Amino acid sequence: MQKDKVLREHLVELLKGAHAHADFETAIQDMPANLRGKIPEGAEHSPWQLLEHMRLAQWDILEFTRNPDHVSPKWPEGYWPKSPTPPTKDAWKKTAKAFRAGHKALIHLVEDESTDLFAKIPHGDGQTVLREVLLAADHTAYHLGAFVLLRRMLGAWNA
106 MQKDKVLREH LVELLKGAHA HADFETAIQD MPANLRGKIP EGAEHSPWQL LEHMRLAQWD
166 ILEFTRNPDH VSPKWPEGYW PKSPTPPTKD AWKKTAKAFR AGHKALIHLV EDESTDLFAK
226 IPHGDGQTVL REVLLAADHT AYHLGAFVLL RRMLGAWNA
């Protein structure tokens with residue numbers, strides 16, 4: 106039982122980040138609105154596209170984990186917004202809020218002792234909750250690094 110508790114604590118720490126890289130809040134904090142839709146020279150995506158991609162991927166992983174009726178978007182077009190700019194003035198704020206909610210749901214899933222981290226997800230093909238949580242953490246960490254790099258390329262990183 107103690108090992109299970111320690112594993113859950115480590116997973117929550119991994120999801121929260123900030124040990125080996127910037128956490129979500131640090132990465133997006135004070136991102137200038139006029140740069141959110143800019144693609145710097147040499148980059149493929151804008152900060153908006155990365156933010157929305159992180160939200161979409163996290164949502165897909167979470168929903169796959171807990172909802173047997175979930176249908177994943179088509180790859181890659183279902184995971185990346187077409188436009189480099191946010192579609193509305195409030196889109197950035199709404200996407201960040203939705204990412205936070207999904208992130209919180211992943212943490213609750215891990216913290217819930219009734220969640221068997223090692224059981225195969227019945228509607229999957231061998232995945233476990235543990236594997237999906239690690240996938241979400243890894244994916245987010247990767248793109249947070251890309252996000253910080255984009256901010257540096259745009260001259261908008263002071264941390």
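In this note's numbering, the protein residues as written are 106 to 264.
Quick reminder that beta carbons are idealized off the backbone N, C-alpha and C, glycines included.
Predicted model, so just to flag it, every value in this text is computed and none were measured.
| Asked | Found |
| --- | --- |
| To test your reading of the DSSP string, which unbroken alpha helix (DSSP H) runs of 4 or more residues are found completely within the stretch 117-202? | 129-133, 152-171 |
| Under three-state DSSP, which class holds T245? | helix |
| Whole angstroms are fine: how far does the CA of L240 sit from the CA of K121? | 14 Å |
| Whole angstroms is fine: what's the gap from V238's alpha carbon to H115's? | 11 Å |
| Out of E216, W164, Y247, state which residue places its alpha-carbon closest to the alpha-carbon of T200. | W164 |
| Nearest-angstrom Cα distance between E194 and I144? | Reading off the sequence shown, one finds Lys at residue 194, where the question assumed Glu. Going by the C-alpha atoms only, they are around 18 Å apart. |
| Throw me the rounded Cβ distance for the L161 and P181 pair, which I believe falls under 8 Å. | Going by Cβ atoms, the distance from L161 to P181 rounds to 11 Å, so no, they are not a contact pair. |
| Hey, how far is the Cα of H228 from the Cα of V176? | 11 Å |
| Am I right that L214 and T170 are in contact with their C-beta atoms under 8 Å? What's the rounded C-beta distance? | 7 Å |
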